[in-house]
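4 protein chains.
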Amino acid sequence: MLIVMKKDATQQDIERVIRKIRQSGYEPRPIPGRNRTAIGIVGNIGAVEPSPFLNLPSVKDVIPVTKPYKLVSREFHPESTVVTVSKEVKIGEGHFAIIAGPCAVESEEQALKAAAMVKKAGAHIFRGGAYKPRTSPYSFQGLGLEGLKILAKVREETGLPVVSEAIDHSVYDLVEDYCDIVQIGTRNMQNFSLLKRAGKSNKPVILKRGMSATVTEWLMAAEYILHEGNSKIILCERGIRTFCNHSRNTLDLSAILFLLKETHLPVIADPSHASGRREQVAPLSLASSIIGAHGIMVEVHPDPERALSDGPQSLRPDDLSALVKDVNKILNTKQRNEPC
Amino acid sequence: MLIVMKKDATQQDIERVIRKIRQSGYEPRPIPGRNRTAIGIVGNIGAVEPSPFLNLPSVKDVIPVTKPYKLVSREFHPESTVVTVSKEVKIGEGHFAIIAGPCAVESEEQALKAAAMVKKAGAHIFRGGAYKPRTSPYSFQGLGLEGLKILAKVREETGLPVVSEAIDHSVYDLVEDYCDIVQIGTRNMQNFSLLKRAGKSNKPVILKRGMSATVTEWLMAAEYILHEGNSKIILCERGIRTFCNHSRNTLDLSAILFLLKETHLPVIADPSHASGRREQVAPLSLASSIIGAHGIMVEVHPDPERALSDGPQSLRPDDLSALVKDVNKILNTKQRNEPC
Amino acid sequence: MLIVMKKDATQQDIERVIRKIRQSGYEPRPIPGRNRTAIGIVGNIGAVEPSPFLNLPSVKDVIPVTKPYKLVSREFHPESTVVTVSKEVKIGEGHFAIIAGPCAVESEEQALKAAAMVKKAGAHIFRGGAYKPRTSPYSFQGLGLEGLKILAKVREETGLPVVSEAIDHSVYDLVEDYCDIVQIGTRNMQNFSLLKRAGKSNKPVILKRGMSATVTEWLMAAEYILHEGNSKIILCERGIRTFCNHSRNTLDLSAILFLLKETHLPVIADPSHASGRREQVAPLSLASSIIGAHGIMVEVHPDPERALSDGPQSLRPDDLSALVKDVNKILNTKQRNEPC
Amino acid sequence: MLIVMKKDATQQDIERVIRKIRQSGYEPRPIPGRNRTAIGIVGNIGAVEPSPFLNLPSVKDVIPVTKPYKLVSREFHPESTVVTVSKEVKIGEGHFAIIAGPCAVESEEQALKAAAMVKKAGAHIFRGGAYKPRTSPYSFQGLGLEGLKILAKVREETGLPVVSEAIDHSVYDLVEDYCDIVQIGTRNMQNFSLLKRAGKSNKPVILKRGMSATVTEWLMAAEYILHEGNSKIILCERGIRTFCNHSRNTLDLSAILFLLKETHLPVIADPSHASGRREQVAPLSLASSIIGAHGIMVEVHPDPERALSDGPQSLRPDDLSALVKDVNKILNTKQRNEPC
């Protein structure tokens, strides 16, 4: 059970609740957040009677915990969250976003060229890695701050919002400054320290699924962010690790369907990292769209053969234009989502 | 390398090839099929020069083997195979089939009621298990022969072709007699003895993917059937076993995409067994349709709450009608496939 | 709940129980076995009161089912089962068996040479495949009946009991005739028709774990055999399919530990198929021994480089002798098991 | 290919090599480390001729890269690395270490009590979490700095070296100050920013395997640390995520065997997190010992039923004493390793 205090609760109010929990034979777990404190109750066997707590001063709510996650659940927050990225671009129920761009920002020229492609094709957000988490220390690790500056220039020239990945606290500060959305990558999904940092930000966060994370672990990671006060979270399914070797990962559409019911947060798909194969990106994008995902994130490169990373899974310019058209056709047919 | 003999090759012709292989320092592996013999060459390091074999009498072809499967590959047989199920129903490139019915035939009444639903909804083939492979010996194992007779009656009354699963040789004989398609289930995908039996049949076979089979193993299983002479094979993706617990299995759309390129055989999807959850069946069916699968197989039950097996994943009558409409909308939009 | 009838129960007795179940508002599921009938109760919500059934004539026992498997569980049958293979050889609590031999019987010469190695090394049972389930139809499929005859000769010459795999009903008849133990392979673990056949045999069965089977599914497969009347079942862990690519499969020692507690049946390990790498076979054998497995099954070949199958994972003659010594050292140290 | 510069190479030397690489038509990838610079060559198709580079001033070595990891491989560094933890304690070839302690430091009393147990039982290193990465933001997150101070007191009182986990850069600074070994947990195995931080430390690092990391990815993570200059790396296998539900994870002994051959770094096992079940910890520890691991890390708690985390997998005091004895018996039998 979780006792949620009002925003203006005093330390005295909180301590009163803590004492009451102890008197009832349970153990209090105060959880200070940015905006308010919640107090978990542990040590109980079976359900705890909520009324004695509801009557205490400054107690906002008492939530019976049937699932390990709370703030991210529809049970707790039934209406869908729509994340506002810019004046024109939103992601969530009724707002489908196409995010496209190269795996890595390689140069100003490459980025501007790619961004022109992305804009012309009708996509909504530009992606590009400045700090790249690479399996090998000998692989290209991104342009760093220079890459972020190029992204800012892309936004200036095209009007497209930009997203890039943060890999630690100090990079988070920078990406937050230069970009419209900060991405937390699959390898950092349970980097709880980074999640807490994201929770203190005002910028939207794309939280990718860990490559072998259960949906519960994923929602708990989002709970870390939300608990710190940032509710602008976009969940991104990017394929899970399985025994299969015909694709890089296995796109888990059932996870998307589960999340659409279970959480109020928007859910998008990344078919590029899911499949690792260019020819699968468009069909898996369409599949994600038709089941109700709120967006897709795909890799495009003006010249995939010369890409410094992820060339084989990057769409070519023409592929992207065709994909945007096909996605829009689906959205119109469904009449449920519309381009953001 | 594989040396394929002509159909009318004599035993003498075959032995001549075998001698030639031995003289060249390799090892012959004669592979007698129903219609023709092929002779594999093993023991070679690197490529084998084909010309000395091509010149021998009754040698039809010499196939360099770059992949472990041959007869099922597009490399060997570029044009798509379309399987004819009945005068009206085909499955394959340009012919999309919706297969629907209860997990198990429970009674004549239940089957006829379900079949009426299936027909009314506009689906093309009726499915129903008569011999059920069940994890527990204490679970309902199907009506057996009685179930097959009910299926025959369903066809008589509705005109729908019927499909049911064979679990061993003796059941294969029966299902072949009573049904239009014989299904080999996920647990028998590498029951090579049963695959050889299927290869000797004239009836179409639905070959489900083993729950942890690689696509190569799956194609090799189909190769067993085709090698014996039966090319009416429909591959059915039904989800793979992963660490996930939010769905029964994980539907592997990348496998379908891979197969559409790699093999000439038709490929369908079974979203009911993939997800194990009713509310996911329709969206996963649409996803499979939009990426180019040649059909779907779904479980429906007139009264899912009373089903003897797989109730929680069975569609209700109205769900099926809506699904067929939505699938047709997609096929029309794509203008690439049309209902069979 | 399961109502177990006495062996001499009449059809009338059975029908009386069935009526009683119906009257109580539940659904009866008669499960006729070779020796006795059991009647499952389904449709109940919550526990069923056993006393009304215990009082009926010819009812032997009423078993509340807390787990899906019953006859194989220690809950139902606390004392450990020891399987007697021959006058000298037993497998189970207190009797450790080393089973060794080539993947496939390739010729009389090879088999006799391998068997001499196996005997000299101090192993207890000879293994050799006569009917080989191979992923490819073009791979060597075994010598068939000739292979079984060679195995019989091996036993005659060395006194070692022999084990070989059965892949369908007709092969089961033959292997049962010629061998001391029949093996059901990983691909047939849920070939329920074959399991039922095994249940009607008097010969011990080695039941290998399916490559992605949960321990519950595995125990349920054994339950099929035991339910038909054959309790001489040896469970064999052979590695599970995971995302790993540094070994063929991943040996699941936790499964062995779980089974040692959960079932009364003997449990052995097959490190050859688990790892697929010769250099890992001995260490994984020792690991299996030290945690309490009742035996190991390993592949050996007089000349692994020329083996027709599984050469890279086959031990050489000297490896086996060293392994047997090391295993015996462990068994002596543990003073819990002793060589059979 | 990797060109390794001497430690005293000047910027001019480095630029000369870079120019030479460009002139040869390839692309240089300078990789500055703490002690020396290496320059990767990319863009080559096939092997690169090393001699033109070997002849340049200040080039120490030219390493053909047959595997993606280099500095951690035995190919590059054949002799085994032994990590010195304290005057008495080493880990690696010939030095087996038993690391034990509670999941989390809960209080000074609990930690000292646990440490007394650990010392009395004959284990070598004390573990205890001060900063706990927990799936839920509502779970106990550790005592933080207070916990580290308690660990320092444990060392003072018992003489045991202590190890604790670092979850981000700022925590790394603290753990490095207070502890003898810093642990990087499974969720941070590909937190490359943290790996680089570890590489700049003088303290030994325990690098746990990511829960779905391949052995190559794991070695690459170690390569990040080693590349920055810290070679005191202990790899810790802690089970992988599989479809199994009878244990928390699946201990991958094949990975340990693979690493013992492939890398010069020490490899230990964590059977507590691998199994998640107290009764499996001892047998899996013995299994790890007998196959040649250089140590084990186990959870113990003076009172597991009251543990704030991981109680069900924590050994009781007596369990640990028995385990240490059994491990020593194995090490003596093997006469290959001896207690550190």
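Protein chains in written order, with the working numbering: chain A, 1 to 340; chain B, 341 to 680; chain C, 681 to 1020; chain D, 1021 to 1360.
Every residue, glycine too, gets a C-beta built ideally from N, C-alpha and C.
Buried versus exposed, by CB contacts within 10 Å (16 or more), residue 690 of chain C: Locating residue 690 of chain C in the third sequence gives position 10, counting from the first residue. Counting Cβ neighbours within 10 Å, residue 690 of chain C comes out exposed, since fewer than 16 surround it.
Cβ pair residue 608 of chain B, residue 625 of chain B closer than 8 angstroms: Here residue 608 of chain B refers to the residue found at position 268 when the second sequence is read from its first residue. Here residue 625 of chain B refers to the residue found at position 285 when the second sequence is read from its first residue. Not closer than 8 angstroms, so no.
Beta-carbon gap between residue 952 of chain C and residue 979 of chain C smaller than 8 angstroms: Mapped onto the third sequence, residue 952 of chain C falls at position 272. Mapped onto the third sequence, residue 979 of chain C falls at position 299. Closer than 8 angstroms, so yes.
Limits of the beta strand (DSSP E) - the one that residue 110 of chain A falls within: Within the first sequence, numbered from 1, the residue matching residue 110 of chain A stands at position 110. Counting along the chain, residue 110 of chain A falls outside any beta strand (DSSP E), though it belongs to the alpha helix (DSSP H) covering 108-121.
Contact set for residue 944 of chain C: own chain, Cβ-Cβ below 6 angstroms, skip 5 residues either direction: Working through the third sequence from its first residue, we reach residue 944 of chain C at position 264. Hits under 6 angstroms: 754, 757, 760, 761.
CB contact flag (residue 1184 of chain D, residue 1195 of chain D, <8 angstroms): Within the fourth sequence, residue 1184 of chain D is the residue found at index 164, counting from 1. Within the fourth sequence, residue 1195 of chain D is the residue found at index 175, counting from 1. Their beta carbons are under 8 angstroms apart, which means residue 1184 of chain D touches residue 1195 of chain D by this criterion.
N- and C-terminal bounds of the beta strand (DSSP E) containing residue 1117 of chain D: Numbered from its first residue, the fourth sequence carries residue 1117 of chain D at position 97. Residue 1117 of chain D -> beta strand (DSSP E) spans 1117-1121.
Start and end residues, beta strand (DSSP E) containing residue 732 of chain C: For the purposes of this step, residue 732 of chain C is identified with residue 52 of the third sequence, where counting begins at 1. Looking at the DSSP string, residue 732 of chain C is not in any beta strand (DSSP E); the run it does join, the alpha helix (DSSP H), is 731-734.
Per DSSP, the bridge partner or partners of residue 710 of chain C: The residue you call residue 710 of chain C lines up with position 30 of the third sequence. Within the DSSP secondary-structure output, residue 710 of chain C pairs in a beta bridge with C/719.
Residue 622 of chain B versus residue 655 of chain B - alpha carbon distance: Locating residue 622 of chain B in the second sequence gives position 282, where the first residue counts as 1. Locating residue 655 of chain B in the second sequence gives position 315, where the first residue counts as 1. About 9 angstroms.
Contacts of residue 1009 of chain C in chain D (Cβ-Cβ under 7 angstroms): For the purposes of this step, residue 1009 of chain C is identified with residue 329 of the third sequence, where counting begins at 1. 1353, listed in chain order.
Inter-residue CB distance, residue 1164 of chain D and residue 1123 of chain D (contact presumed, cutoff 8 angstroms): Your numbering for residue 1164 of chain D matches position 144 in the fourth sequence. Your numbering for residue 1123 of chain D matches position 103 in the fourth sequence. With a Cβ gap of about 15 angstroms, residue 1164 of chain D and residue 1123 of chain D do not count as contacting.
Contact between the region 641-661 of chain B and the region 451-468 of chain B (3+ Cβ pairs under 8 angstroms): yes
Check: residue 822 of chain C C-beta below 7 angstroms from any heavy atom of the ligand MG: As far as ligands go, the structure on display features none, and thus does not contain the ligand MG.
Neighbour-count burial assignment, residue 354 of chain B, 16 or more Cβ in a 10 Å radius: As a working note, residue 354 of chain B is residue 14 in the second sequence. Answer is buried; the Cβ neighbour count reaches 16.
Under 8 angstroms between C-beta atoms of residue 1128 of chain D and residue 1090 of chain D: To locate residue 1128 of chain D, count along the fourth sequence from 1; it is residue 108. To locate residue 1090 of chain D, count along the fourth sequence from 1; it is residue 70. Contact: no.
C-alpha gap between residue 1040 of chain D and residue 1026 of chain D, whole angstroms: As a first step, residue 1040 of chain D must be located in the fourth sequence, where it is residue number 20. As a first step, residue 1026 of chain D must be located in the fourth sequence, where it is residue number 6. Using only the alpha carbons, I get a separation of about 17 angstroms.
Rounded straight-line distance, which links the Cα of residue 673 of chain B to that of residue 1332 of chain D: Along the fourth sequence, read from residue 1 onward, the residue named residue 1332 of chain D stands at position 312. Along the second sequence, read from residue 1 onward, the residue named residue 673 of chain B stands at position 333. Each residue's alpha carbon lies about 56 angstroms from the other.
Distance CB(residue 309 of chain A)-CB(residue 586 of chain B) smaller than 8 angstroms: As a working mapping, residue 309 of chain A is identified with position 309 in the first sequence. As a working mapping, residue 586 of chain B is identified with position 246 in the second sequence. No, these two residues do not count as a Cβ contact at 8 angstroms.
Bridge partners - residue 844 of chain C, DSSP secondary structure assignment: The residue labelled residue 844 of chain C in the question sits at position 164 within the third sequence. Answer by DSSP bridge pairing, in chain order: C/862.
Partners in chain B for residue 1258 of chain D, counting only beta-carbon separations shorter than 9 angstroms: Mapped onto the fourth sequence, residue 1258 of chain D falls at position 238. Neighbours of residue 1258 of chain D on chain B: none; closest Cβ ~16 angstroms, over 9 angstroms.
Residue-level contact to chain D via CB, residue 972 of chain C, 8 angstroms cutoff: One-based indexing of the third sequence puts residue 972 of chain C at position 292. Output row for residue 972 of chain C: interface = yes.
Among A/328, A/197, A/287, A/266, nearest to residue 91 of chain A - alpha-carbon criterion: For the purposes of this step, residue 91 of chain A is taken as residue 91 along the first sequence, with counting starting at 1. When each option's Cα is compared against that of residue 91 of chain A, the closest is A/266.
Listed by chain order, chain B residues near residue 77 of chain A by CB distance under 7 angstroms: One-based indexing of the first sequence puts residue 77 of chain A at position 77. Chain B residues near residue 77 of chain A: none, gap ~20 angstroms exceeds 7 angstroms.
Chain D contact for residue 583 of chain B (CB, 8 angstroms cutoff): Counting from 1 along the second sequence, the entry for residue 583 of chain B is found at position 243. For residue 583 of chain B, the answer is yes, since a Cβ of chain D falls inside 8 angstroms of its Cβ.
Closest residue to residue 627 of chain B among B/403, B/451, B/610, B/617 (Cα-Cα distance): In the second sequence, counting from the first residue as 1, residue 627 of chain B sits at position 287. Closest option to residue 627 of chain B, Cα to Cα, is B/610.
Nearest candidate by alpha-carbon position, reference residue 342 of chain B, set B/456, B/400, B/526: Here residue 342 of chain B refers to the residue found at position 2 of the second sequence. Out of B/456, B/400, B/526, B/400 has the C-alpha closest to the C-alpha of residue 342 of chain B.
Neighbour-count burial assignment, residue 649 of chain C, 16 or more Cβ in a 10 Å radius: No answer is possible for residue 649 of chain C: the residues shown for chain C start at 681 and end at 1020.
Residue 631 of chain B, DSSP secondary structure in three states: As a first step, residue 631 of chain B must be located in the second sequence, where it is residue number 291. Coil, per DSSP.
Same chain only: Cβ atoms within 7 angstroms of residue 676 of chain B, ignoring 5 sequence neighbours per side: Sequence index remark: in the second sequence, residue 676 of chain B carries index 336 (1-based). Legend: pLDDT at residue 676 of chain B = 46, less than 50; position of this residue unreliable, value from coordinates given subsequently. Once the five neighbours on either side are set aside, residue 676 of chain B has no close Cβ partner at all.
Spatially closest choice to residue 159 of chain A from A/139, A/136, A/85, A/25, by CA coordinates: As a working note, residue 159 of chain A is residue 159 in the first sequence. Of A/139, A/136, A/85, A/25, the residue nearest in Cα terms is A/85.
Helix, strand or coil at residue 678 of chain B according to DSSP, with G and I counted as helix: Position 338 of the second sequence holds residue 678 of chain B. Low local confidence applies: a pLDDT of 42 at residue 678 of chain B is under 50, so the model's placement there is unreliable, with the coordinate-based value given in what follows. Reduced to three states, the DSSP call for residue 678 of chain B is coil.
Beta-carbon spacing of residue 225 of chain A, residue 206 of chain A below 8 angstroms: Stepping through the first sequence from its first residue, residue 225 of chain A is reached at position 225. Stepping through the first sequence from its first residue, residue 206 of chain A is reached at position 206. Going by C-beta atoms, residue 225 of chain A is not nearer than 8 angstroms to residue 206 of chain A.
Residue 489 of chain B in three-state terms, based on DSSP: The residue given as residue 489 of chain B occupies position 149 in the second sequence. Residue 489 of chain B: helix per DSSP, three-state reduction.
Among C/924, C/876, C/923, C/883, the one whose alpha carbon lies nearest that of residue 901 of chain C: For this step, residue 901 of chain C is matched to residue 221 along the third sequence. Considering only alpha carbons, the answer is C/876.
Residue range of the unbroken beta strand (DSSP E) whose run includes residue 1001 of chain D: Nothing about residue 1001 of chain D can be read from this structure; chain D reaches only from 1021 to 1360.
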